[in-house]
Amino acid sequence: MKKLESIRDISDSLLSQIKYTLKIKKYTPEMENHFSDRIEKCLSCPELRENKFPTLNRSVRFCDRCKCLFPSLIFAHRKKCPIGRWDTIPEKDTGSGSREA
Ligand code: SF4
Numbered sequence: 003m004k005k006l007e008s009i010r011d012i013s014d015s016l017l018s019q020i021k022y023t024l025k026i027k028k029y030t031p032e033m034e035n036h037f038s039d040r041i042e043k044c045l046s047c048p049e050l051r052e053n054k055f056p057t058l059n060r061s062v063r064f065c066d067r068c069k070c071l072f073p074s075l076i077f078a079h080r081k082k083c084p085i086g087r088w089d090t091i092p093e094k095d096t097g098s099g100s101r102e103a
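Quick note on the numbering used here: the sequence shown kicks off at 3 and runs consecutively.
What follows is the structure in structure tokens.
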């Protein structure tokens, strides 16, 4: 069941980021607030780790609890923080009856 939830969250996150980037769908102000809140909480969380790849001059941040990439994980509206710092985004805040962000 956990793997299915992870696949669902990855799918939610990717779709959400594509729609946001391509401006296919506009987030509600409530969604924007949830994303900002999640970003702030993850950035101040001791579970957020950074892997550096000096040869590529790149680094990747991820949650050491759920192993999700940051900030991708914050765009999955049905995901919740594994240690309870933030919760799923209520359906009413995602927009007019849509399940997508
Ligand atoms: S998802 Fe939760 S545990 Fe993971 S980095 Fe964010 S606040 Fe921390």
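Heads up, the beta-carbon is just placed ideally off N, CA and C, and yes, glycines get one too.
Bridge-paired residues (DSSP) for residue i
i	result
residue 50	65
residue 55	60
Contacting residues, own chain, Cβ-Cβ under 6 Å from residue i (five flanking each side not counted)
i	result
residue 97	30
Residue i versus the options, residue with shortest Cα-Cα distance
i	options	result
residue 16	73, 3, 45	73
residue 44	22, 92, 61, 75	75
residue 104	32, 38, 79	Here the chain has residues from 3 to 103 only, and residue 104 is not among them.
Close Cβ partners of residue i (< 7 Å) along its chain, the five nearest in sequence each way excluded
i	result
residue 47	87
residue 95	30, 32, 33, 36
residue 39	88
| field | Stretch-stretch touch, CB-based, cutoff 8 Å, three pairs: the segment 62-72 with the segment 37-52 | value | These segments touch.
| query | Taking three-plus beta-carbon pairs below 8 Å as touching, is the segment 19-28 in contact with the segment 54-63? | reply | Flag = no, the segment 19-28 and the segment 54-63 do not touch.
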